[in-house]
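Going by the numbering used here, 146 is the number at position 128 of the sequence shown; the sequence numbering is gapless.
We put the CB at the ideal spot given by N, CA and C, even for glycine.
As C-alpha cells, the structure follows; a few thoughts come after it.
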Amino acid sequence: MINPVINVKEGKLRGCVEKLHNGQEYYSFKGIPYAEPPVGDLRFKAPIPPKPWSGTRDALEHGPNCPHFDIFSVTGENVDENCLFLNVYTPTLQTDSKLPVMFFIHGGDVDPVNRAFRVGKFLGKDTDNPNELLTYLQSLPSKKLVSLTMKTATKEEKTTGLPIKFVPVVEKKFGDNEVFLPENPLDMLMGGKTHDIPFMTGYNSSEGFLIVPNELPKLAYINKHPACLVPKDIYNKVSKDKVLEFGARIKQFYWGDRDLTKDDIQILTDLLSDVHFIVAAYRYASYYSKYNTPIYMYRFNLVTELNWTQQMLGLTEYKGACHFDDIFYMFSNGMNREKYEKSPILQEYIHNITKIWTDFAKTGNPTPDNSLGVTWSPYTSTGKEYLQIDNELSMGRNAEKTRLDFWDQLYTEAGLPSIIKSNL
Numbered sequence: 019m020i021n022p023v024i025n026v027k028e029g030k031l032r033g034c035v036e037k038l039h040n041g042q043e044y045y046s047f048k049g050i051p052y053a054e055p056p057v058g059d060l061r062f063k064a065p066i067p068p069k070p071w072s073g074t075r076d077a078l079e080h081g082p083n084c085p086h087f088d089i090f091s092v093t094g095e096n097v098d099e100n101c102l103f104l105n106v107y108t109p110t111l112q113t114d115s116k117l118p119v120m121f122f123i124h125g126g127d128v129d130p131v132n133r134a135f136r137v138g139k140f141l142g143k144d145t146d147n148p149n150e151l152l153t154y155l156q157s158l159p160s161k162k163l164v165s166l167t168m169k170t171a172t173k174e175e176k177t178t179g180l181p182i183k184f185v186p187v188v189e190k191k192f193g194d195n196e197v198f199l200p201e202n203p204l205d206m207l208m209g210g211k212t213h214d215i216p217f218m219t220g221y222n223s224s225e226g227f228l229i230v231p232n233e234l235p236k237l238a239y240i241n242k243h244p245a246c247l248v249p250k251d252i253y254n255k256v257s258k259d260k261v262l263e264f265g266a267r268i269k270q271f272y273w274g275d276r277d278l279t280k281d282d283i284q285i286l287t288d289l290l291s292d293v294h295f296i297v298a299a300y301r302y303a304s305y306y307s308k309y310n311t312p313i314y315m316y317r318f319n320l321v322t323e324l325n326w327t328q329q330m331l332g333l334t335e336y337k338g339a340c341h342f343d344d345i346f347y348m349f350s351n352g353m354n355r356e357k358y359e360k361s362p363i364l365q366e367y368i369h370n371i372t373k374i375w376t377d378f379a380k381t382g383n384p385t386p387d388n389s390l391g392v393t394w395s396p397y398t399s400t401g402k403e404y405l406q407i408d409n410e411l412s413m414g415r416n417a418e419k420t421r422l423d424f425w426d427q428l429y430t431e432a433g434l435p436s437i438i439k440s441n442l
C-alpha cells in the first residue's frame, strides 16, 4: 500500500496506513514537530513555531518522550529534550468537511519558579540573579535536572501533598508570549470566566492506590501529625489551631482512635483518593453546573485484566480502579494487546468506553442515542448524577456521599467555596 503524503504549512509529511484490532484502516502521521526543539537557550521558554523543511518528511515513528521523572521505569527509553511532536490519526484524508477532533494531553509536571533557585543551590550555583540562574540551568544536561525531582523537595513537601508534583501556575505575561493560565482557575470559574461548552469530568473509584506505596513509610508521621493531610488551599486560609483541629477530625473520620498500619490499604486509598482527586472533581462539577451548560460526571469502577496499575503495585486484592487504569481502555498498548485480542468481553468494554468519549467529542452529548442502553444525564449539585462505568453502564446519584459531605463541611468552615455554599 502506498504511503499517504499530505501538505502542512511547514512542508510535506509521509505517513502510513494502520489497522485497528477490528481490521478497520486509518491514516497515521507520527512525530510531527509543532515547535522548534526546546534546547539550549530555548529551554524553559515558550515554544516557537517550527521551521519549514524541504522535501517530504517521514512521519512514521513516534517522537522521543520528554525528560521526566518516571515512577514506573528507570531505563529512560526513547527520552530526549527534543520532544515537541504531535501524532495525528484520522479515518480519512478528505478535506471537504471538518472532522471532530480529540486532542489528548498527557499528564505532566510543572513546578513554580522558587524550586529553580533550590535546584541551583543544590547543584552549587548559589545566586539570586534569575538571568544568571537561567543561563546556568540551560547549560545542564536534562537528565541531571530530572534526577533532582525529589531531592529538592523541602521536609514539608515530602510529608504533605502529592508525592508526584503537578503544579499548574498562574503565568505572567512577558512580551508577546501567550498566557494559558492568567488567574487562579477557581477564581476564574467562580467569576464566570468560562467557555460555554459541554464539559466531562470524573474519576476512578480508587485513584489513591497509586499513592499508597509512597505513603506507607510516612505512617508514623501521619499518625502523629494528621494535620499534614489538610489540603493546601484550606491550610493557607485558616489559623494554625484550625489546621490542627481539621487534622484531628480527618483522623477521626477515616481511622478513628488508633494508629494507621500498613494493613489499612483501603482506608489509605479512600483518604488519598478524596484528598487529591475526588473532592476536587465534585467541587468543580458543582460550580460549573450552576451555569447553563451541561457537565457530565463519571465514576470509573471497571476492573479487568487490563487494569495494569494495580497488578504492578501488587494491590489486586483490593477493590476499585486505580489512577489512570481507565487509559488502558482508550489507547492500544503492547502490555494489553494480547489480552484484548483474545477476549470478546474486553473488546465490548473498550468499544463502549471509546464510543462514549468519541460521541461526546462529536456531539457534546456522550450518549446521543440508546445504543449503549443508558442515557447519561448531566450533573446537578443537588442530585450529583454520574455515570457508573463498570461491568455494566448505569446512572447513579450521590457517590461517596458521606465522605464528600465531610470534606464539604471543612471547606465551608474554612470560608472557601463549597458545594453547600458555592458563592455563586
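Return the chain-ordered list of same chain residues with a C-beta closer than 8 Å to the C-beta of residue i, the five sequence neighbours on each side being excluded.
i      : result
Gly29  : Pro70, Trp71, Ser72, Gly73, Thr74 and Arg75
Glu99  : Pro55, Pro56, Val57, Arg61, Cys84, Pro85 and Ser160
Arg32  : Asn21, Pro22, Val23, Thr74, Arg75, Asp76, Ala77 and Leu78
Gln284 : Tyr336 and Lys337
Val392 : Thr385, Leu405, Leu411, Ser412 and Met413
Leu278 : Leu237, Ile240, Asn241, Ile285 and Leu286
Which of helix, strand or coil does DSSP assign to residue i?
i      : result
Ile123 : coil
Cys246 : helix
Gly332 : coil
Tyr221 : strand
Phe47  : strand
Asp423 : helix
Lys27  : coil
Gly414 : strand
Asn441 : With a pLDDT of 44 at Asn441, under the threshold of 50, the modelled position of that residue is not reliable, and the figure given next carries that caveat. Reduced to three states, the DSSP call for Asn441 is coil.
Ile229 : helix
Leu237 : helix
Thr108 : strand
Thr113 : coil
Glu431 : helix
Leu207 : helix
Phe103 : strand
Tyr397 : coil
Asn40  : coil
Glu189 : coil
Ile407 : strand
Cys34  : strand
Pull up the CB-CB distance for residue i and residue j, whole angstroms please, since I reckon it's below 8 Å.
i      : j      : result
Met208 : Tyr305 : 6 Å
Pro200 : Val188 : 7 Å
Tyr107 : Tyr44  : 6 Å
Tyr367 : Leu320 : 6 Å
Val248 : Phe264 : 5 Å
Leu104 : Ile50  : 5 Å
Leu411 : Asn351 : With a Cβ gap of about 23 Å, Leu411 and Asn351 do not count as contacting.
Leu434 : Asp251 : 6 Å
Leu290 : Gly226 : 3 Å
Ser307 : Thr398 : 6 Å
Leu364 : Leu390 : Between Leu390 and Leu364 the Cβ distance is about 16 Å, and since that is not below 8 Å, they are no contact.
Thr381 : Met348 : In fact, because the Cβ distance is near 18 Å, the residues do not count as touching under 8 Å.
Tyr302 : Gly220 : 11 Å between Cβ atoms; not a contact.
Asn202 : Asp344 : The Cβ separation is near 28 Å, so there is no contact.
Does residue i pass the burial test, meaning 16 or more other C-beta atoms within 10 Å, or should it be called exposed?
i      : result
His294 : buried
Met218 : buried
Glu511 : Lying before the first or after the last residue shown, residue 511 is absent from the chain, which here runs from 19 to 442.
His80  : exposed
Ala245 : buried
Glu36  : exposed
Glu196 : exposed
Ala339 : buried
Pro362 : exposed
Lys63  : exposed
Val131 : Here the model assigns Val131 a pLDDT of 36, short of 50, so the residue's position is not dependable, and the following value carries that caveat. Under this definition Val131 is an exposed residue.
Ala266 : exposed
Ile229 : buried
Phe121 : exposed
His341 : buried
Ile66  : exposed
Ser115 : exposed
Near residue i, what residues of its chain come up, given a Cβ to Cβ distance below 7 Å and the 5 sequence neighbours on each side ignored?
i      : result
Met353 : Trp326
Leu422 : Val297 and Tyr300
Pro408 : The sequence given here places Asp at residue 408; Pro does not occur at that position. Excluding positions up to five away in sequence, the list reads Asn319 and Leu320.
Cys101 : Gly81, Pro82, Asn83 and Cys84
Who are the Cβ neighbours of residue i in its own chain at under 6 Å, not counting the five residues just before and after it?
i      : result
Asn96  : Pro82 and Asn83
Asp214 : Thr311
Ile374 : Pro384
Tyr478 : Here the chain covers residues 19 to 442 and nothing more, so residue 478 does not appear.
Met431 : A small correction: the amino acid at residue 431 is Glu; Met does not occupy that position in the sequence shown. The answer is none, since no qualifying residue turns up.
Lys269 : Pro244
Asn416 : Lys402
Problem set entry | beta strand (DSSP E) runs contained entirely in the segment 242-330, provided each spans 3 or more residues | 313-318
Problem set entry | Continuous alpha helix (DSSP H) assignments of at least 4 residues falling wholly in the segment 332-380 | 355-360
For this session: Starting from the N-terminal side, write out each stretch of the beta strand (DSSP E) that is 3 residues or longer and does not extend beyond the segment 49-80.
Result: 74-76
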